[in-house]
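Trainee: Following this message is one structure expressed as structure tokens.
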Amino acid sequence: MYRSHVLVCGGTGCTSSGSEQIIAELEKEIKAVGLAEEVNVVRTGCFGLCALGPIMIVYPEGSFYSRVKPEDIKEIVDEHLLKGRIVKRLLYSETVEEDNVKSLNETDFYKKQHRVALRNCGVINPENIDEYIAMDGYAALGKCLTEYKPEEVIQVIKDSGLRGRGGAGFPTGLKWSFAAANQADQKYVCCNADEGDPGAFMDRSVLEGDPHAVIEAMAIAGYAIGASQGYIYVRAEYPIAVKRLEIAIGQAREYGLLGKDIFGTGFDFDLGLRLGAGAFVCGEETALMTSIEGKRGEPRCRPPFPAVKGLFGKPTVLNNVETYANIPQIILKGADWFSSMGTEKSKGTKVFALGGKIHNTGLVEVPMGTTLREIVEEIGGGIPNGKKFKAAQTGGPSGGCIPAEHLDVPIDYDNLIAIGSMMGSGGLIVMDEDNCMVDIAKFFLEFTVDESCGKCTPCRIGTKRLYEMLDKITKGQGTLEDLDKMEELCYHIKNNSLCGLGQTAPNPVLSTLRYFRDEYIAHVVDKKCPAGVCKELLSYEIDPNLCKGCTLCSRVCPVGAISGTVKQPHVIDKNKCIKCGACMEKCKFAAISKK
Amino acid sequence: MKSLAELQAIRDRVKNNVVVRENNEIDYRVVVGMATCGIAAGARPVLNACSEEVAKRNLHNVMVTQTGCIGICKFEPVVEVFEADGTKTTYVKMTAEKIVRVINDHIVNGNVVTEYTIGANA
Chain A
31 MYRSHVLVCG GTGCTSSGSE QIIAELEKEI KAVGLAEEVN VVRTGCFGLC ALGPIMIVYP
91 EGSFYSRVKP EDIKEIVDEH LLKGRIVKRL LYSETVEEDN VKSLNETDFY KKQHRVALRN
151 CGVINPENID EYIAMDGYAA LGKCLTEYKP EEVIQVIKDS GLRGRGGAGF PTGLKWSFAA
211 ANQADQKYVC CNADEGDPGA FMDRSVLEGD PHAVIEAMAI AGYAIGASQG YIYVRAEYPI
271 AVKRLEIAIG QAREYGLLGK DIFGTGFDFD LGLRLGAGAF VCGEETALMT SIEGKRGEPR
331 CRPPFPAVKG LFGKPTVLNN VETYANIPQI ILKGADWFSS MGTEKSKGTK VFALGGKIHN
391 TGLVEVPMGT TLREIVEEIG GGIPNGKKFK AAQTGGPSGG CIPAEHLDVP IDYDNLIAIG
451 SMMGSGGLIV MDEDNCMVDI AKFFLEFTVD ESCGKCTPCR IGTKRLYEML DKITKGQGTL
511 EDLDKMEELC YHIKNNSLCG LGQTAPNPVL STLRYFRDEY IAHVVDKKCP AGVCKELLSY
571 EIDPNLCKGC TLCSRVCPVG AISGTVKQPH VIDKNKCIKC GACMEKCKFA AISKK
Chain B
252 MKSLAELQAI RDRVKNNVVV RENNEIDYRV VVGMATCGIA AGARPVLNAC SEEVAKRNLH
312 NVMVTQTGCI GICKFEPVVE VFEADGTKTT YVKMTAEKIV RVINDHIVNG NVVTEYTIGA
372 NA
């Protein structure tokens with residue numbers, strides 16, 4: 031019986047900021063003061079506030095320590111754990127107000143969040159199946175197997191209004207009913223954990239923090255459609271997620287929650303892990319299944335859809351990690367509970383990976399219909415350094431940029447598409463006035479050019495040509511005609527590509543053209559980059575009135591482009607200048623500017 | 252796993268180990284003085300007995316926590332019970348046996364154990 035629990039985040043974010051050392055130090059110090067029998071140190075999944083890692087929370091008080099350093103541990107153990115005096119100095123500053131300690135749920139970051147898919151992340155030890163069971167784990171599977179017929183399970187999921195969290199938003203219950211309706215000697219359940227959007231990490235966090243939720247949901251899906259075998263396709267770049275999944279599958283088998291005759295009902299289900307090598311296209315469902323089959327990961331035409339002919343040519347259900355993480359909750363709490371959250375056509379919650387120019391980088395889960403403003407300004411804590419919000423990028427390389435004028439649009443699948451972006455898997459990158467929108471479009475195109483599998487021409491060649499046009503514009507060589515050509519090419523790529531990768535690849539270009547055309551025009555007509563990002567369009571200048579002739583700039587210039595005599599204004603030779611910015615950084619009189 | 256009962260048994264066994272991490276509605280806060288004076292006078296067995304009793308009785312509305320020196324060292328171990336309305340009862344010279352009775356009489360049944368309070372001992 032432990033009287034106190036110390037939860038330390040063992041997700042990828044906190045692990046890279048040193049949480050393993052924190053755990054080692056904690057165990058050492060707790061042993062030293064003889065509290066090993068009273069205090070339980072638990073390595074959990076992600077708490078969400080990755081920017082403040084390593085994160086540690088002490089129960090029963092619920093004290094939230096952030097950015098913990100190994101040298102702080104002795105003080106926390108001696109003061110808090112031994113003597114019950116919370117070390118206020120080390121608490122997350124937002125939880126301390128006029129010397130009173132607030133609950134974590136009252137902080138701006140957590141206040142508006144509603145955790146369904148992430149409910150166990152940061153609460154349980156993901157490597158211990160008992161803790162998952164204590165949180166009502168596997169009760170949903172038990173309920174389905176003993177109380178529901180397969181078609182009743184599907185009906186509950188249909189009624190809940192759950193839609194695919196991988197990005198496209200297809201109704202999950204409908205997908206299951208298609209696969210259930212097809213008769214076959216063997217069917218499969220697959221989980222898409224090939225999270226590939228730059229900046230997205232919600233699936234990784236669910237797998238690291240609550241792997242059993244996904245396993246349980248896949249078994250439920252197996253029962254609903256009549257499949258006895260499942261596969262989780264996870265990328266090999268997620269070593270912690272892979273390790274915890276392996277442990278979780280092993281424990282579930284040991285308890286007989288996977289395998290033969292589960293709960294004595296005669297239902298058999300087992301799971302296998304398949305590691306992806308990191309190709310972005312393998313997140314596309316047909317490419318993913320081709321890859322599981324051991325072939326080169328390339329997409330194929332649909333129809334036939336996976337529900338008819340999927341893995342190994344058999345009817346298959348394929349859902350995303352976050353979709354599965356919602357399922358056990360829906361079964362236990364009912365379709366009405368789930369559909370009471372969200373908007374008319376998008377029910378439940380959505381997890382977003384918040385990144386870019388924002389204070390609270392991390393993972394947030396909010397009900398559908400929350401506005402972008404609430405996420406960015408309230409939960410995210412706004413933009414650092416007093417800069418102005420310019421745009422938010424959702425949906426990664428398949429999505430688009432949402433400008434400030436749409437900050438108050440309630441986020442759901444349909445609204446995002448209406449404003450030219452998409453939900454995507456949930457990456458949300460915030461940009462401020464220092465980001466050049468042409469450059470952002472070019473960044474995403476560079477990604478898709480790299481990741482295009484090459485099977486179909488519109489995607490393979492189209493994205494490459496599109497990238498070249500963007501490159502031309504960022505170098506100041508573009509023409510107004512190029513903008514029109516680009517738009518036309520975008521529509522060709524969208525309409526003619528084989529799979530989702532190509533069909534959505536032009537979105538970053540189209541949405542920036544729609545909302546930030548003036549920036550494109552500035553690049554093309556004025557040959558200027560308003561955000562000061564595109565190097566070829568910049569020039570550094572020294573203001574002779576401000577320059578004191580200290581010679582510092584001429585000494586740091588790596589190419590000797592700055593000349594002048596001591597105590598006289600210096601001059602930059604624009605032909606020699608490589609625009610590295612070293613002079614501007616060093617100037618103490620703010621005499622150097624870029625234009 | 253051959254039956255739901257087996258699952259239920261595991262849940263019952265582990266539930267009390269993790270319930271402390273949930274943000275339950277707290278009706279009672281039991282605070283044990285754990286400064287040097289309290290520890291020396293035997294506050295640790297009191298705290299542990301308290302945690303165990305609360306878990307045994309599945310009292311999810313009770314938070315067992317600790318604090319520093321209250322300033323009445325000669326009455327240690329001191330335990331204070333805070334109710335949701337802010338009422339505070341101070342028990343003194345506690346032992347593992349006494350705290351079990353406090354939980355039983357005061358927290359479960361709502362009767363303050365007057366003979367253990369500071370008023371009866373001062």
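If you're matching them up, the sequences are chains A and B in order. Just so you know, we're using this note's numbering here: the first sequence kicks off at 31 and counts up by one. Just so you know, we're using this note's numbering here: the second sequence kicks off at 252 and counts up by one. Think of the CB as a built atom: it goes at the ideal place given N, C-alpha and C, for glycine as much as any other residue.
Using only CA atoms, which one of L568(A), H600(A) and I592(A) lies nearest to K578(A)?
Mentor: Minimum Cα distance to K578(A) is reached at H600(A).
Trainee: Sort out for me which residues DSSP pairs N27(A) with in a bridge.
Mentor: The requested residue 27(A) does not occur in the structure, where chain A is confined to residues 31 to 625.
Trainee: Is there a C-beta anywhere in chain B that falls below 9 Å from the one on V589(A)?
Mentor: Answer no: the Cβ-Cβ gap between V589(A) and chain B never drops below 9 Å.
Trainee: Closer than 7 Å by C-beta to V439(A): which residues in its own chain qualify, once you throw out the five before and the five after it? Chain order, please.
Mentor: Same-chain partners within the cutoff: T401, L402, N445 and I449.
Trainee: Return no unless some Cβ of chain A is closer than 9 Å to the Cβ of G319(B).
Mentor: It does: the Cβ of G319(B) has a partner Cβ on chain A nearer than 9 Å.
Trainee: Kindly say whether N362(B), judged by its beta-carbon, lies nearer than 9 Å to any beta-carbon of chain A.
Mentor: Answer no: the Cβ-Cβ gap between N362(B) and chain A never drops below 9 Å.
Trainee: Among residues of its own chain, excluding the 5 on either side of P84(A), which ones have a beta-carbon nearer than 6 Å to its beta-carbon?
Mentor: Excluding positions up to five away in sequence, the list reads C44, S47, G48, S49, I52 and V98.
Trainee: Please state whether the Cβ-Cβ distance between V383(B) and P328(B) is less than 9 Å.
Mentor: With chain B represented from 252 up to 373, any question about residue 383(B) goes unanswered, as that position is not in the structure.
Trainee: Does the CB of A291(B) have a neighbour CB from chain A at under 9 Å?
Mentor: It does not: the Cβ of A291(B) has no partner Cβ on chain A nearer than 9 Å.
Trainee: Give the C-beta separation of E571(A) and P560(A) to the nearest angstrom, bearing in mind that I take them to be a contact with Cβ-Cβ under 8 Å.
Mentor: Actually they do not touch by this definition, with Cβ atoms about 17 Å apart.
Trainee: Where R234(A) and L393(A) are concerned, what is the direct C-alpha to C-alpha distance, given to the nearest angstrom?
Mentor: Those two C-alpha atoms are separated by around 11 Å.
Trainee: Please classify F474(A): does DSSP put it in a helix, a strand, or coil?
Mentor: F474(A): helix per DSSP, three-state reduction.
Trainee: Residues of chain B with CB closer than 8 Å to the CB of G172(A), please, in chain order.
Mentor: Correct list: L255 and L258.
Trainee: Classify E511(A): buried if its beta carbon has 16 or more other beta carbons within 10 angstroms, exposed otherwise.
Mentor: Flag for E511(A) reads exposed.
Trainee: Report yes or no: do three or more beta-carbon pairs, one from the region 476-492 of chain A and one from the region 318-331 of chain A, lie closer than 8 Å?
Mentor: Output reads yes: the region 318-331 of chain A touches the region 476-492 of chain A.
Trainee: Determine the contact status of M453(A) and G197(A), defining contact as a CB-CB distance below 9 Å.
Mentor: For M453(A) and G197(A), yes; Cβs fall inside 9 Å.
Trainee: Who are the near neighbours of E323(A) in its chain, counting only those whose CB is closer than 8 Å to its CB and skipping five residues on each side?
Mentor: Answer for E323(A): L341 and F342, listed in chain order.
Trainee: Ignoring anything shorter than 3 residues or poking outside the region 360-415 of chain A, list the beta strand (DSSP E) runs there in chain order.
Mentor: Runs found: 379-386 and 392-397.
Trainee: So Y687(A) packs on L82(A), CB below 8 Å; how close in whole Å?
Mentor: Only positions 31 to 625 of chain A appear in this structure, which leaves residue 687(A) out of reach.
Trainee: Using DSSP bridges, identify the partner residues of P440(A).
Mentor: Answer by DSSP bridge pairing, in chain order: T401(A).
Trainee: With a threshold of 7 Å on Cβ separation, who are the neighbours of R280(B) within its own chain once the five nearest residues in sequence on each side are excluded?
Mentor: Only M314, T316 and F333 meet the Cβ criterion.
Trainee: For my contact list, A266(A) and A307(A) are in at a C-beta cut-off of 8 Å; report their separation, rounded to the angstrom.
Mentor: Indeed they touch by this definition, with Cβ atoms about 6 Å apart.
Trainee: Would you decide whether S541(A) is buried or exposed? Buried here means 16 or more other CB atoms lie within 10 Å of its CB.
Mentor: Result: buried.
Trainee: Taking only runs of the beta strand (DSSP E) that begin and end inside the region 83-137 of chain A, which ones reach a length of at least 3 residues, in chain order?
Mentor: Listed in chain order, they are 86-89 and 93-95.
Trainee: Hey, how far is the Cα of P536(A) from the Cα of I503(A)?
Mentor: Whole-angstrom Cα-Cα distance: 16 Å.
Trainee: Please report the straight-line C-alpha distance between L288(A) and V244(A), rounded to a whole angstrom.
Mentor: Their Cα atoms are separated by approximately 12 Å.
Trainee: Over the uninterrupted beta strand (DSSP E) stretch that includes T318(B), give me the two end residues.
Mentor: Counting along the chain, the beta strand (DSSP E) containing T318(B) begins and ends at V313 to T318.
Trainee: Using only the alpha-carbon positions, how far apart do L458(A) and Q143(A) sit?
Mentor: Distance between the alpha carbons of L458(A) and Q143(A): 16 Å.
Trainee: From A294(B) to D462(A), what distance separates their C-alpha atoms?
Mentor: If you take the alpha carbons of A294(B) and D462(A), they lie about 55 Å apart.
Trainee: Return the first residue and the last residue of the alpha helix (DSSP H) that E304(B) is part of.
Mentor: That run of the alpha helix (DSSP H) goes A294 to K307.
Trainee: Any beta carbon of chain A sitting closer than 9 Å to that of K266(B)?
Mentor: It does; some Cβ of chain A falls within 9 Å.
Trainee: Under DSSP, the alpha helix (DSSP H) around E177(A) begins and ends at which residues?
Mentor: Unbroken alpha helix (DSSP H) run through E177(A): A169 to E177.
Trainee: Out of C617(A), V347(A), V71(A) and Q281(A), which has the shortest C-alpha to C-alpha gap to V88(A)?
Mentor: Answer by Cα proximity: V71(A).
Trainee: Taking 9 Å as the cut-off, decide whether the C-beta atoms of G252(A) and G302(A) are in contact.
Mentor: No, the pair does not count as a contact, with Cβ atoms beyond the cut-off.
Trainee: Starting from M452(A), trace the beta strand (DSSP E) both ways and give me its first and last residue.
Mentor: Counting along the chain, M452(A) falls outside any beta strand (DSSP E), and DSSP gives it neither H nor E.
Trainee: Could you tell me the distance, in whole angstroms, from the CA atom of T373(A) to the CA atom of L582(A)?
Mentor: Roughly 59 Å between the two C-alpha positions.
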